[in-house]
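Enquirer: Questions regarding the structure given below will be posed in turn.
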Amino acid sequence: MSPETSVSLKCRKIAEGKAEGEAIISADAICFYLVQPETGVVVEKYHSLEGQSIAGKILVMPSGKGSSVVQADGLYKLMKHNKAPKGMIVEFPDPVLVSGAIVMEIPTVMKVEKKFYEAIRSGDQVQIDADQGTVTIRKG
Amino acid sequence: MKLTTYEQDMLAGKYGEGTALAMKIQVGIGETFDALRMVPITRAHVALSAQDADLWFVEKLLNKGARCRVSPTVNPSIDLAYLNEHLFEIPREGIDIVSATNEAYRKIGATLTFDCTPYLQQNIPAFGEVVAFSESSATPYVNSVFGARSNRESSQSALCAAITGRVAEYGLLLEENRKGEILVEVKARVEDDFDYQLLGWCYPLKHKGLEIPVFTGIGKRPTPEGFMNFGAQLNTSGAVSMYHMAGITPEAPTLEAAFGGKPPKEKITIADDDLQKVRRQICGEPGKIDFAMFGCPHLSISQVAEIARILEGRKLKVDFWVLTSSLTKELARRMGYLQTIQRAGGHVVADTCIDVPPCWQPYYGRTGVTDSPKCAYYNEIRRIKFIIRPLAEGVEAAIKGEVSR
């Protein structure tokens, strides 16, 4: 991989660890209760990811939504079925998402440099290093 | 974030792995919100739910040796024995998860109130107290009505706070973040407790965002039940953790004080038309009902008394459920309200939530009446349809078997 095709950007840690995978970008807030636990497919009507799977991907999302009870339960069920995202990149985190990510050990970051959002496309390979505070996009 | 030696020791595992995990989550939250330090709490309330993730989380902390430093009150679960005797045979897996959840919370050191209105009994903070309250009706109540300080905790973060006895200092814990931002002129007639259900549901539809609203134009002080309904709906229809009522709530002695001397960011008006619109959207058309359910949030003793007054010497046509705390149920027994409701054919059940599956399975796919938009909203997922009416009208409907015009 040549340096030209990879972009490394600064961010801040929410939940520790490293993760690498295919990016999937959500335009809307995510309620994990409305993601099918057996498949990781978003089933929420009119959601920008409706019909797409977040399983094993790096989920790029504006924020979470829904009560702490349903949100945690949704993420937990995905994890039990091995269909949780591998990592998460969040713009506007809330306490539910932070506690979920830490306790379920999903590497998660926030406050990624603005350039990231200009460069990232669904399908790009992305690497999160929460401990170092970096996100790397590998193009091509 | 700067931690004290004690807090660092908790994080490093000196007080066990469970406390360390709780602290790690809280430090994560604190860093997310740019908190500079942690502060002690005096109270906590955890929105226990007896769902899979809830049990998994509390057991994980418990098995790692965590115990609560501040014993939290907890949300309702299910009175298994009562429902088993009077409603249906609860499935084995339901019994297992509820029993295991109750046991885990007992062992971790929670106070098993099983009630979603801790602010009416058992866990009432005073002005300025720093607390960690989850549960949608509870957070706005303690912030707005009492002037205590709590962020919009999740059930998980509130449990972690109970374990460490600490919260990260950010958001509503800081004086400067408690000022009003949105001016809401209430021109609608808001008089009884039910009007607050509609007003609470209406505001987030008119303004999306997490700013603190200041309501003006409310003539008389709401009852405790009015405040309860108001907060529950504000925080279900939207995500409002705190509001002011000018001249009524403690941090809003005047309109100027509520805004901290600054001008509002935005001004909106709520008129009779707006409340009528909400009524048309969510309350439902008159029609036959299969059952009635009240107690989301749990009913107070005065609401139970109101129901008993209406039911005195009459008979209910449909299944009738009043959900309340175990203390209120005992008080209702002492006052004779419980017997009146039972003689009419109704039930008063303690410790139980409208939203804990699978306890209301016999009503899946059927139609009920309730006084609570929140109750109706959370049951959509289980295909239970609710017609929403004021408490007294709902009770009359249950006597007739239908909601009339």
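Quick note, the sequences are listed as chains R and C, same order.
Okay, so the first sequence: first residue is 566 according to this note's numbering, each after it adds one.
Okay, so the second sequence: first residue is 5 according to this note's numbering, each after it adds one.
The beta-carbon is built from N, C-alpha and C at its ideal position, and this holds for glycine as well.
#1: Measure how close the beta-carbons of D689 of chain R and R703 of chain R come, nearest whole angstrom, since I'm counting them as under 8 Å.
#2: Please name the residue or residues paired with Q692 of chain R in a DSSP beta bridge.
#3: In whole angstroms, give me the CA-to-CA distance for L176 of chain C and K6 of chain C.
#4: Note down the Cα distance separating E185 of chain C from L574 of chain R, rounded to an integer number of angstroms.
#5: Give a yes or no on whether the C-beta atoms belonging to P217 of chain C and S241 of chain C are separated by under 8 Å.
#6: With burial defined as no fewer than 16 other Cβ atoms inside 10 Å of the residue's Cβ, what is the status of P257 of chain C: buried or exposed?
#7: Are three or more beta carbon pairs between the stretch 47-62 of chain C and the stretch 309-326 of chain C nearer than 8 Å?
#8: Identify each residue in the stretch 40-74 of chain C for which the Cβ-Cβ distance to at least one residue of chain R is less than 8 Å, and report them in chain order.
#9: Does A584 of chain R pass the burial test, meaning 16 or more other C-beta atoms within 10 Å, or should it be called exposed?
#10: What are the complete alpha helix (DSSP H) segments, minimum 4 residues, inside the stretch 16-56 of chain C?
#11: Just curious, the beta strand (DSSP E) that E115 of chain C is in, first and last residue?
#12: Considering T240 of chain C, what are the terminal residues of the alpha helix (DSSP H) in which it resides?
#13: Does the beta carbon of Y611 of chain R sit closer than 8 Å to a beta carbon anywhere in chain C?
#14: What is the DSSP secondary structure of P205 of chain C, reduced to helix, strand or coil?
#15: With distances taken Cα to Cα, identify the nearest neighbour of P290 of chain C among C:R393, C:V134, C:L163 and C:I252.
#16: Is the Cβ of S140 of chain C closer than 8 Å to any Cβ of chain R?
#17: Looking at C-alpha atoms only, which residue of C:P362, C:N147, C:A57 and C:G230 is the closest neighbour of A108 of chain C?
#18: Skipping 5 residues on each side, what residues in its chain have a beta carbon closer than 7 Å to that of T23 of chain C?
#19: Tell me which same chain residues have a C-beta within less than 6 Å of the C-beta of Y10 of chain C, skipping the five on either side of it?
#20: Tell me, which residues are paired with M297 of chain C by DSSP?
#21: Could you run through the stretch 570-587 of chain R and flag, in chain order, every residue whose CB is less than 7 Å away from some CB of chain C?
#22: Near I685 of chain R, what residues of its chain come up, given a Cβ to Cβ distance below 8 Å and the 5 sequence neighbours on each side ignored?
#23: DSSP on I222 of chain C, reduced to helix/strand/coil?
#24: Rounding to the nearest angstrom, what Cα-Cα distance links M566 of chain R and D659 of chain R in this structure?
#25: S154 of chain C touches chain A at which residues, Cβ-Cβ below 7 Å?
#26: What does K28 of chain C touch in chain R if you count any residue whose Cβ is under 7 Å from its own?
#27: Under 8 Å, Cβ to Cβ, is there at least one residue of chain R near T36 of chain C?
#28: Classify L640 of chain R: buried if its beta carbon has 16 or more other beta carbons within 10 angstroms, exposed otherwise.
#29: The alpha helix (DSSP H) spanning H90 of chain C covers which residue range?
#30: Could you tell me which whole beta strand (DSSP E) segments of length 3 or greater appear in the stretch 607-670 of chain R?
#31: Would you mind reading off the limits of the alpha helix (DSSP H) that contains V282 of chain C?
#32: Check the Cβ of P672 of chain R against every Cβ in chain C and list those closer than 8 Å, keeping chain order.
#33: Are the C-beta atoms of D696 of chain R and some chain C residue less than 8 Å apart?
#34: If contacts are defined as beta-carbon pairs under 8 Å, then G288 of chain C and I388 of chain C qualify, I think. What distance do you get, rounded to the angstrom?
#35: Counting C-beta neighbours from all protein chains within 10 Å, is the total for R197 of chain C 16 or more, i.e. buried, or is it exposed?
#36: Assuming V635 of chain R and Y598 of chain R make a contact with CB atoms under 8 Å, what is their CB distance in whole Å?
Expert: Reading it off the structure:
#1: For this step, residue 689 of chain R is matched to residue 124 along the first sequence. For this step, residue 703 of chain R is matched to residue 138 along the first sequence. About 7 Å; that satisfies the 8 Å criterion.
#2: For the purposes of this step, residue 692 of chain R is taken as residue 127 along the first sequence, with counting starting at 1. R:E585 and R:T701.
#3: In the second sequence, counting from the first residue as 1, residue 176 of chain C sits at position 172. In the second sequence, counting from the first residue as 1, residue 6 of chain C sits at position 2. Those two C-alpha atoms are separated by around 19 Å.
#4: For the purposes of this step, residue 185 of chain C is identified with residue 181 of the second sequence, where counting begins at 1. For the purposes of this step, residue 574 of chain R is identified with residue 9 of the first sequence, where counting begins at 1. Cα to Cα, E185 of chain C sits roughly 35 Å from L574 of chain R.
#5: Taking the first residue of the second sequence as position 1, residue 217 of chain C is located at position 213. Taking the first residue of the second sequence as position 1, residue 241 of chain C is located at position 237. Taking 8 Å as the Cβ cut-off, P217 of chain C and S241 of chain C do not qualify as a contacting pair.
#6: What you label residue 257 of chain C is simply residue 253 of the second sequence in a count that begins at 1. With fewer than 16 other Cβ atoms within 10 Å, it is exposed.
#7: The answer is no - the stretch 309-326 of chain C does not touch the stretch 47-62 of chain C, with fewer than three Cβ pairs under 8 Å.
#8: Those residues of the stretch 40-74 of chain C that come within reach of chain R (Cβ to Cβ, closer than 8 Å) are A51, S53, Q55, D56, A57, D58, W60, F61 and K64.
#9: Within the first sequence, the letter at position 19 stands for residue 584 of chain R. A584 of chain R is buried by the Cβ-count criterion.
#10: 21-36
#11: Start at 1 with the first residue of the second sequence, and residue 115 of chain C comes out as number 111. Here the sequence assigns Thr to residue 115 of chain C, which means Glu is not the residue at that position. Where T115 of chain C is concerned, there is no enclosing beta strand (DSSP E), given that its DSSP letter is neither H nor E.
#12: For the purposes of this step, residue 240 of chain C is taken as the residue at position 236 of the second sequence. Per DSSP, T240 of chain C belongs to the alpha helix (DSSP H) from P228 to S241.
#13: Within the first sequence, the letter at position 46 stands for residue 611 of chain R. It does not: the Cβ of Y611 of chain R has no partner Cβ on chain C nearer than 8 Å.
#14: Walking along the second sequence from the start, residue 205 of chain C turns up at place 201. Note that residue 205 of chain C is Trp in the sequence shown here, rather than Pro. DSSP places W205 of chain C in helix when its eight states are reduced to three.
#15: Taking the first residue of the second sequence as position 1, residue 290 of chain C is located at position 286. Selected option, being the one with the closest Cα: C:R393.
#16: Here residue 140 of chain C corresponds to residue number 136 of the second sequence, with the count starting at 1. Output row for S140 of chain C: interface = yes.
#17: What you label residue 108 of chain C is simply residue 104 of the second sequence in a count that begins at 1. Minimum Cα distance to A108 of chain C is reached at C:A57.
#18: For this step, residue 23 of chain C is matched to residue 19 along the second sequence. Beyond the five residues adjoining it in sequence on each side, T23 of chain C comes within less than 7 Å, by CB distance, of M14, A70, I167 and T168 in the same chain, given in chain order.
#19: Looking up residue 10 of chain C in the second sequence gives position 6. Result list for Y10 of chain C: empty, nothing under 6 Å.
#20: As a first step, residue 297 of chain C is located in the second sequence; it is residue number 293 there, counting from the start. M297 of chain C pairs with C:W325.
#21: I579 and A580
#22: As a position in the first sequence, residue 685 of chain R is number 120, starting the count at 1. Taken in chain order, the residues that qualify are A588, I590, V625, V691 and I702.
#23: By one-based count along the second sequence, residue 222 of chain C stands at place 218. It is coil, neither helix nor strand.
#24: Along the first sequence, read from residue 1 onward, the residue named residue 566 of chain R stands at position 1. Along the first sequence, read from residue 1 onward, the residue named residue 659 of chain R stands at position 94. Caution applies to M566 of chain R, whose pLDDT of 46 falls short of 50 and renders its modelled position unreliable; the model cannot decide the point.
#25: Considering every chain present, this structure includes no chain A. Its protein chains are R and C.
#26: By one-based count along the second sequence, residue 28 of chain C stands at place 24. Those within 7 Å of K28 of chain C in chain R are I667.
#27: Within the second sequence, numbered from 1, the residue matching residue 36 of chain C stands at position 32. At least one chain R Cβ lies under 8 Å of T36 of chain C.
#28: Reading the first sequence from its first residue, position 75 is the one you call residue 640 of chain R. L640 of chain R should be labelled buried.
#29: Locating residue 90 of chain C in the second sequence gives position 86, where the first residue counts as 1. Where H90 of chain C is concerned, the enclosing alpha helix (DSSP H) stretches over L84 to H90.
#30: 623-626 and 652-655
#31: The count along the second sequence starts at 1 and reaches residue 282 of chain C at position 278. D276 to I286 is the extent of the alpha helix (DSSP H) around V282 of chain C.
#32: Position 107 of the first sequence, counted from the start, is the residue given in the question as residue 672 of chain R. Within 8 Å Cβ-Cβ: nothing; P672 of chain R doesn't reach chain C, min ~12 Å.
#33: Locating residue 696 of chain R in the first sequence gives position 131, counting from the first residue. No, its Cβ sits nowhere closer than 8 Å to a Cβ of chain C.
#34: Taking the first residue of the second sequence as position 1, residue 288 of chain C is located at position 284. Taking the first residue of the second sequence as position 1, residue 388 of chain C is located at position 384. At roughly 12 Å, the Cβ-Cβ gap does not stay under 8 Å, so G288 of chain C and I388 of chain C are not in contact.
#35: Here residue 197 of chain C corresponds to residue number 193 of the second sequence, with the count starting at 1. First, the residue type needs correcting, since residue 197 of chain C is Asp and not Arg in the sequence shown. With 16 or more other Cβ atoms within 10 Å, it is buried.
#36: Taking the first sequence and counting its residues from 1, the one referred to as residue 635 of chain R is at position 70. Taking the first sequence and counting its residues from 1, the one referred to as residue 598 of chain R is at position 33. About 4 Å separates the two Cβ atoms, so the contact holds.
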